[in-house]
Structures are given as structure tokens and as C-alpha cells.
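J.: Could you have a look at this structure, given as C-alpha cells, before my questions?
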Amino acid sequence: MQELNIIGAGKLGRTLGRLALHCGRYRIQDCLARSLPSAQAAVDFIGSGQAGCQLDSLRPAALTLLSVPDDAIAPTAQALADSGVVRAGTVVFHASGAAEAELLAPLRAVGAQVASLHPAFSFADPARAVAQFAGTLCALEGDAAALPLLQDFAAAIGAQPFALAPGGKAAYHAALSVASNYLVTLTDIARQLALQGGVDEALLSALLGPLMQGSLANALSMGPQPALTGPIVRGDAATVARHLEVLPPDLQPVYRTLGERTVALAGVRLPEKARQTLLALLRD
Ligand SMILES: NC(=O)c1ccc[n+]([C@@H]2O[C@H](COP(=O)([O-])OP(=O)(O)OC[C@H]3O[C@@H](n4cnc5c(N)ncnc54)[C@H](OP(=O)(O)O)[C@@H]3O)[C@@H](O)[C@H]2O)c1
69 MQELNIIGAG KLGRTLGRLA LHCGRYRIQD CLARSLPSAQ AAVDFIGSGQ
119 AGCQLDSLRP AALTLLSVPD DAIAPTAQAL ADSGVVRAGT VVFHASGAAE
169 AELLAPLRAV GAQVASLHPA FSFADPARAV AQFAGTLCAL EGDAAALPLL
219 QDFAAAIGAQ PFALAPGGKA AYHAALSVAS NYLVTLTDIA RQLALQGGVD
269 EALLSALLGP LMQGSLANAL SMGPQPALTG PIVRGDAATV ARHLEVLPPD
319 LQPVYRTLGE RTVALAGVRL PEKARQTLLA LLRD
């Protein structure tokens with residue numbers, strides 16, 4: 069049985085704490101928040117542990133989860149290193165999607181192994197998160213010696229761990245942002261254009277939803293290139309030209325950039341002459 073300390077017992081900390089307790093492989097030791105009532109609420113939710121709000125009250129643990137907000141990770145790591153409570157050879161990890169384990173470098177300097185474990189999951193409500201967490205993919209990166217312990221931890225709480233390349237965290241997080249946020253932005257652009265064309269607002273979801281969902285399902289199952297349909301992959305330059313004539317100025321750059329990217333994606337499906345014509349049009 070390994071001890072787990074949780075510093076920052078908020079939504080993610082509470083969820084992982086309860087999952088760790090329930091899997092029977094970890095003893096929840098100290099649970100810290102900024103205020104004692106919040107730490108106590110976390111301990112009550114998890115069902116085990118000692119509530120606290122002082123870093124220097126921490127007892128040594130094999131694993132320490134630093135689940136404070138992203139901006140607080142580096143200062144908390146520094147304060148934790150300065151407090152002298154972290155034992156050499158133990159593992160300290162954070163759960164940020166964008167930040168590297170390197171943010172915990174001051175703890176490496178006192179002999180800890182550092183890593184990050186990012187669950188690709190939204191922890192809006194810890195009780196629901198506990199129920200729905202099984203099978204969640206968790207990205208791991210950090211010190212080689214820490215990774216086997218965190219792979220075990222992730223698997224024990226029901227996640228599917230996978231390793232990122234060293235230095236890959238920013239690109240990994242950009243991928244998630246493009247996939248989730250930019251998809252929403254594209255939806256907004258498509259809605260704006262449909263409204264411009266005179267589609268009733270009440271019809272927008274029914275019109276765009278099946279197209280978007282079908283294209284996404286095809287791209288995910290077949291791969292992006294075979295899933296591509298529409299004027300660019302057909303080499304239909306006249307249609308692209310008509311789009312460009314009616315697009316408002318603020319949408320021209322994004323349409324042209326994505327159009328060029330779509331020409332590249334179409335690859336061998338697009339004859340060379342049509343490729344040249346489309347690129348000239350999009351770059352005009
Ligand atoms: N929420 C998600 O869906 C999600 C998903 C993947 C990864 N993550 C990552 O998980 C980490 C925690 O996120 P969360 O959503 O669980 O945050 P949260 O619910 O806001 O909880 C943050 C916890 O840290 C404490 N805290 C806040 N500011 C602090 C500070 N300046 N110094 C020390 N402790 C502080 C809070 O104490 P009080 O309770 O006393 O306020 C709270 O216990 C972040 O790195 C985030 O990127 C979150």
C-alpha cells in the first residue's frame with residue numbers, strides 16, 4: 069500500500085483521491101487546500117485522509133499530487149521544496165494539460181522524481197467524475213523513474229495511461245485545444261455564413277449538425293484524407309471562387325488558410341493542374 073498526499077484538493081484532487089482509495093492500492097494521507105474547511109470537505113468526499121492547509125505539515129508519501137490551479141503549480145512546488153518535507157526518491161506530479169513536469173524542477177533538486185499526469189477528462193462535478201472516469205486516457209511525461217509508478221497509479225484508478233515524447237506537452241495540449249475549441253469556432257463560422265445565406269436561425273443546428281457529426285465520424289474512423297469531400301478535393305475552383313466573392317472580410321483569412329491546408333490534405337486525390345488553380349485562387 070503506497071501513501072498518496074494531495075495538495076490542492078479541488079475537483080480533480082477529490083476525484084483522483086476517491087478513486088485511489090477505492091482501488092485499494094493507496095492510503096490517502098494528507099489532503100491540503102487553501103482553507104481548512106475546503107480540505108475537510110475533500111477528506112469527507114474522499115472518505116479518508118487528514119485535512120490540512122500548511123505545506124510544512126505534510127508527512128512523507130510515495131506519491132504527492134499537486135492538483136492546484138496551473139498558475140499555482142510552480143510557486144507551490146518551490147514552497148514545497150523549501151519546506152523540506154519531500155523525501156528523496158518519492159514522486160511528485162501535477163495534472164496540468166499544458167505544463168511540463170519541468171515546472172516541478174525545484175523538487176527534483178531535493179531528490180524527488182517529478183512528472184505530470186493529465187487526464188483528458190472534464191472534472192466539473194467530482195461525484196459524477198468518479199462514476200464516469202473509467203477508461204479515461206491519461207498523458208504521462210516526466211522523469212523516467214517516476215513513470216512506472218504513475219502508470220501503475222493511472223491503471224489502478226481505471227485510466228488508460230500513455231506516454232508523451234519529452235518536450236511534447238505543448239503540442240499535445242494544442243492538439244486538444246484545436247480538437248475541442250476550434251471545432252466550436254468552426255461551428256460559429258458555419259452558422260454565421262448560413263445566416264448570411266438566409267437560413268432561419270431555428271434551422272441552423274438541424275442543417276449543420278448532421279453534416280458536422282458525419283464528417284467528424286468519417287475523419288476519425290477513415291482518417292482525414294479519405295474522409296474529405298467538397299469542392300476543394302473535387303478540384304471545383306469555380307465554387308471556391310464564388311465562396312470567396314461572398315465571404316465577409318473578417319472570414320477571408322481563415323477560409324483561405326484552411327482552404328490551403330485542405331488542398332495539402334487532398335494530396336494525390338487532386339490533379340496537379342487543379343491544385344495549382346486552387347492555390348492561386350486561395351492566395352490571391
Ligand atoms: N477540472 C478539470 O476538468 C481538469 C482536467 C484536467 C486537468 N486539470 C488540472 O488539475 C489541476 C487542478 O484543477 P481543478 O479543476 O481541480 O482546480 P480547483 O477545483 O480549482 O481546485 C484547486 C485546489 O487548489 C487549491 N488552491 C487554489 N489556489 C491555490 C494556491 N494559489 N495555492 C495553493 N493551493 C491553491 C484550492 O484550495 P481551496 O479549495 O481552499 O480553494 C483547491 O483545493 C490543474 O492543474 C488543472 O489544469 C483539471
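Just so it is clear: in the sequence shown, position 174 is 242 by our numbering, and no numbers are missing. All residues carry an ideal CB built from backbone N, CA and C; glycine is no exception.
Write down the C-beta distance between Pro-205 and Leu-215 rounded to the nearest angstrom, noting that I regard them as a contact closer than 8 angstroms.
T.: As a first step, residue 205 is located in the sequence shown; it is residue number 137 there, counting from the start. As a first step, residue 215 is located in the sequence shown; it is residue number 147 there, counting from the start. Looking at the sequence provided, one finds Leu at residue 205 rather than Pro. Not really, about 15 angstroms apart at Cβ, beyond 8 angstroms.
J.: Measure the alpha-carbon distance for Ala-222 versus Gly-85 and round it to whole angstroms.
T.: As a working note, residue 222 is residue 154 in the sequence shown. As a working note, residue 85 is residue 17 in the sequence shown. Taking the straight line from one Cα to the other gives about 12 angstroms.
J.: Does the stretch 225-237 come into contact with the stretch 249-267, if we say contact requires no fewer than three beta-carbon pairs (one atom in each stretch) closer than 8 angstroms?
T.: Contact fails: fewer than three Cβ-Cβ distances are below 8 angstroms.
J.: For Thr-144, is the beta carbon positioned less than 7 angstroms from some heavy atom of ligand 1?
T.: If you number the sequence shown from 1, residue 144 lands on position 76. At least one heavy atom of ligand 1 is nearer than 7 angstroms to the Cβ of Thr-144, so yes.
J.: Which one or two residues does DSSP pair with Leu-205 in a beta bridge?
T.: Reading the sequence shown from its first residue, position 137 is the one you call residue 205. In DSSP, Leu-205 forms a bridge with Gln-228.
J.: If distances are taken between C-alpha atoms only, which option among Ala-342, Leu-284 and Met-280 comes closest to Val-301?
T.: Within the sequence shown, residue 301 is the residue found at index 233, counting from 1. Nearest of Ala-342, Leu-284 and Met-280 to Val-301, Cα basis: Ala-342.
J.: In chain order, which continuous runs of the beta strand (DSSP E) of length 3 or greater are located wholly inside the stretch 90-175?
T.: 94-100, 118-120, 131-134 and 159-162
J.: Roughly how many whole angstroms lie between the Cα atoms of Pro-339 and Arg-324?
T.: Numbered from 1 along the sequence shown, position 271 holds the residue referred to as residue 339. Numbered from 1 along the sequence shown, position 256 holds the residue referred to as residue 324. Pro-339 and Arg-324: Cα-Cα distance of roughly 20 angstroms.
J.: Would the beta-carbon of His-162 be found less than 7 angstroms away from any heavy atom of ligand 1?
T.: In the sequence shown, counting from the first residue as 1, residue 162 sits at position 94. Placement of the Cβ of His-162 at a distance of less than 7 angstroms from at least one heavy atom of ligand 1 is found.
J.: With Leu-319 as the anchor, note down where its beta strand (DSSP E) starts and where it stops.
T.: For the purposes of this step, residue 319 is identified with residue 251 of the sequence shown, where counting begins at 1. No beta strand (DSSP E) holds Leu-319; DSSP gives it neither H nor E.
J.: To the nearest angstrom, report how far apart Gly-236 and Ala-163 are at their CA atoms.
T.: Within the sequence shown, the letter at position 168 stands for residue 236. Within the sequence shown, the letter at position 95 stands for residue 163. Going from the Cα of Gly-236 to the Cα of Ala-163 covers about 15 angstroms.
J.: Assign Leu-271 to buried or exposed, taking buried as 16 or more other Cβ atoms, counted over all protein chains shown, within 10 Å of its Cβ.
T.: The sequence position of residue 271 within the sequence shown is 203, counting from 1. Under this definition Leu-271 is an exposed residue.
J.: Label Gln-293 either buried or exposed according to how many other C-beta atoms from any shown protein chain fall within 10 Å of its C-beta, with 16 as the threshold for buried.
T.: Here residue 293 refers to the residue found at position 225 of the sequence shown. Residue burial is scored here from C-beta neighbours: Gln-293 has fewer than 16 other C-beta atoms within 10 angstroms and is therefore classed as exposed.
J.: Give the DSSP-derived three-state secondary structure of Gly-179 in the structure shown.
T.: Position 111 of the sequence shown, counted from the start, is the residue given in the question as residue 179. In this structure, Gly-179 counts as coil in the three-state DSSP scheme.
J.: Around the Cβ of Pro-105, are there at least 16 other Cβ atoms within 10 angstroms (buried) or fewer (exposed)?
T.: Position 37 of the sequence shown holds residue 105. By the neighbour-count rule (16 or more Cβ atoms within 10 Å), Pro-105 is not buried but exposed.
J.: Along the chain, which unbroken stretches of the beta strand (DSSP E) at least 3 residues long are found entirely within the stretch 212-260?
T.: The stretch 212-260 contains, as complete beta strand (DSSP E) runs of 3+ residues, the segments 228-231 (chain order).
J.: Look up Gly-266 in the DSSP assignment and say whether it is helix, strand or coil.
T.: In the sequence shown, counting from the first residue as 1, residue 266 sits at position 198. It is coil, neither helix nor strand.
J.: Ala-247: beta carbon under 7 angstroms from a heavy atom of ligand 1?
T.: Residue mapping note: residue 247 aligns to position 179 of the sequence shown, counting from 1. Because no heavy atom of ligand 1 lies under 7 angstroms away, the Cβ of Ala-247 does not count as near it: no.
J.: Give me the Cα-Cα distance between Leu-259 and Asp-268, rounded to the nearest whole angstrom.
T.: Mapped onto the sequence shown, residue 259 falls at position 191. Mapped onto the sequence shown, residue 268 falls at position 200. Reading the sequence as shown, one finds Arg at residue 259 and not Leu. Those two C-alpha atoms are separated by around 10 angstroms.
J.: Bridge partners for Leu-72 per DSSP, in chain order?
T.: On the sequence shown, position 4 is the one that residue 72 refers to. Partner(s): Ile-96 and Leu-131.
J.: Does the stretch 111-118 come close enough to the stretch 129-146 to have 3 or more Cβ pairs within less than 8 angstroms?
T.: no
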